[in-house]
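Novice: Numbering (the numbering used here), first residue to last: 21 to 209. All C-beta atoms, glycine included, are put in the ideal place defined by N, C-alpha and C. Computed from a predicted structure; not experimentally measured. Have a look at the structure that comes next, please.
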Amino acid sequence: MLEHDSDKAFLIASDHDYAGDVWLIPLKRLDADARAVQLGAVADMSIGDEQREFVGDPLRMMLLALEEESRLPYVIESGGVGAGVLTLQSGAASLAGWADDDSAWLLRGFLIDAGSQGRGLGTMAARAAVAEARKLTARLGGEQSGVVLSVNERNPAGLAAYKKAGFMDRGQYLGGNSGPQRTMFKAFG
């Protein structure tokens, strides 16, 4: 269940996979002070050795997303602590091997902090991202029908989290920088 909080954050209620809550904090909708606090939390995030070849620096990803109009960066919080980051992008779905740019939101730059992994946060945050994209489509009058992403075939944790969140494998994509990817899609439902 996705609820809007008066502080402009989004909450996913507890589910069976994790005894806690996940919040998506939309960086572009925060004032400068609140954004600085969130970016400080992002700067403190660490990437596990097994993740390094699949994701970039979290702070750099968020700063780039803040500069580009089509990207909407979010900090993933759990228990009041920054636990990860993700970006939703419009007009760029083909970057994940999708047939066109505009019929789906692109989920990119998604990572869970090394200290927060193994608790189901990736699955919960992926579900939250789809719910947020659905709301954005309705609010902005877009034509998107769901969310697409690509995940490296050598990233079993990522593949499992996305499948558990309801993403369907749509085939191999060879356009990634670090080897073969799987294009995955979740329709709004």
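Looking at the strands, I want to know which residues DSSP matches up with Y182.
Specialist: In DSSP, Y182 forms no bridge with anything.
Novice: Where do the N-terminal and C-terminal ends of the alpha helix (DSSP H) with K155 fall, by residue?
Specialist: Taken as a continuous stretch (DSSP letters only), the alpha helix (DSSP H) holding K155 covers L141 to L160.
Novice: Hey, could you find the ends of the beta strand (DSSP E) P93 is sitting in?
Specialist: Segment R91 to S98, the beta strand (DSSP E) holding P93.
Novice: Do three or more CB pairs link the region 69-86 to the region 113-127 at distances below 8 Å?
Specialist: With a cut-off of 8 Å, the region 113-127 and the region 69-86 do not count as touching, because too few Cβ pairs lie within range.
Novice: Buried or exposed: P93, going by 16 or more other Cβ atoms within 10 Å of its Cβ?
Specialist: It counts as buried.
Novice: Among all the DSSP beta bridges, which residues are the ones paired with L131?
Specialist: DSSP lists V105 as partners of L131.
Novice: I need the straight-line Cα distance from F208 to M144, nearest angstrom please.
Specialist: C-alpha separation (whole angstroms): 16 Å.
Novice: Between the Cα of W125 and those of L106, G199 and A113, spot the shortest distance and give me the residue it belongs to.
Specialist: Selected option, being the one with the closest Cα: A113.
Novice: Count the other C-beta atoms from every protein chain shown that fall within 10 angstroms of the C-beta of N175, then say buried if there are 16 or more, exposed otherwise.
Specialist: It counts as buried.
Novice: Using the three-state DSSP reduction, which class does A112 fall into: helix, strand or coil?
Specialist: Residue state, collapsed to three classes: coil.
Novice: Near V75, which residues of its chain fall below 7 Å by C-beta distance, leaving aside the five closest residues on each side in sequence?
Specialist: Excluding residues within five positions, the ones whose Cβ falls inside 7 Å are I67 and L131.
Novice: In angstroms, rounded to a whole number, what distance separates the CA positions of S98 and L83?
Specialist: If I take the Cα positions, the gap works out to 21 Å.
Novice: Apart from the five residues just before and just after V101, which ones in its own chain have a Cβ nearer than 8 Å to its Cβ?
Specialist: Only A61 and S136 meet the Cβ criterion.
Novice: Roughly how many angstroms separate the alpha carbons of D64 and A52, rounded to a whole number?
Specialist: Taking the straight line from one Cα to the other gives about 19 Å.
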